[in-house]
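Quick note on numbering: our numbering labels position 102 of the sequence shown as 776, and the sequence is numbered without any gaps.
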Amino acid sequence: MIGKLAERTVRACNRTLQQLIEHPPLQVSTLTAGNGTEFHGYKALERRTGVAFYFAPAYHAWERGLNENTNGLIRQSLPQGASRVHLTQSMCEDIANRLNRRPRQCLNYQTPEQIYLNNL
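Here it is in structure tokens:
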């Protein structure tokens, strides 16, 4: 899932994450977040949604290998430093769908979507 933030604040981040978490038919039980200030309100979101948040120590990107790899794949569509003014939630969903349907070597050449659906 990829969510478009209206602004990089705790309030906007929590609102967007709650919408994504509660979006059927998704079943989210944990979320690994970055260490940005927009995630400082995670405890309120844990209480409201029941989703447990995890954080890697700052400057320990190797502890979030899959997450960092996925960020790199997202950057192919949304290069760092490029304007996001015209980016819409629909465009974010298109990027997520493309990545979720892309076979991954680490998943024995299955797609994340296949793994997710097989584990519902």
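Built from N, CA and C at the ideal position, the CB exists for glycine as well.
From a predicted model like this one, the values you see are computed outputs, not experimental measurements.
Residue nearest to residue i in terms of C-alpha spacing, selected from the options
i: residue 692; options: 727, 793, 788 and 756; result: 727
i: residue 767; options: 757, 748 and 785; result: 748
i: residue 720; options: 775, 695, 686 and 736; result: 695
i: residue 733; options: 722, 703 and 710; result: 710
i: residue 791; options: 701, 675 and 725; result: 701
i: residue 675; options: 781, 775 and 782; result: 775
Same chain, Cβ closer than 8 Å to residue i, neighbours up to 5 away in sequence not counted
i: residue 744; result: 773
Segment limits, alpha helix (DSSP H) that includes residue i
i: residue 686; result: 684-695
i: residue 679; result: Per DSSP, residue 679 belongs to no alpha helix (DSSP H) and is neither H nor E.
Cα-Cα separation between residue i and residue j, rounded to whole angstroms
i: residue 741; j: residue 680; result: 22 Å
i: residue 786; j: residue 779; result: 11 Å
Test item: CB-CB of residue i and residue j under 9 Å
i: residue 852; j: residue 677; result: The requested residue 852 does not occur in the structure, where the chain is confined to residues 675 to 794.
i: residue 686; j: residue 706; result: no
i: residue 688; j: residue 735; result: no
Contacts around residue i, its chain only, beta-carbon distance under 7 Å, and the 5 residues preceding and following it disregarded
i: residue 714; result: 684
i: residue 682; result: 712
Residue range of the unbroken beta strand (DSSP E) whose run includes residue i
i: residue 726; result: 726-729
i: residue 718; result: Note, residue 718: premise wrong, no beta strand (DSSP E); alpha helix (DSSP H) at 716-723.
Close-in-space but distant-in-sequence residues of the same chain around residue i (CB under 6 Å, 5 per side omitted)
i: residue 764; result: none
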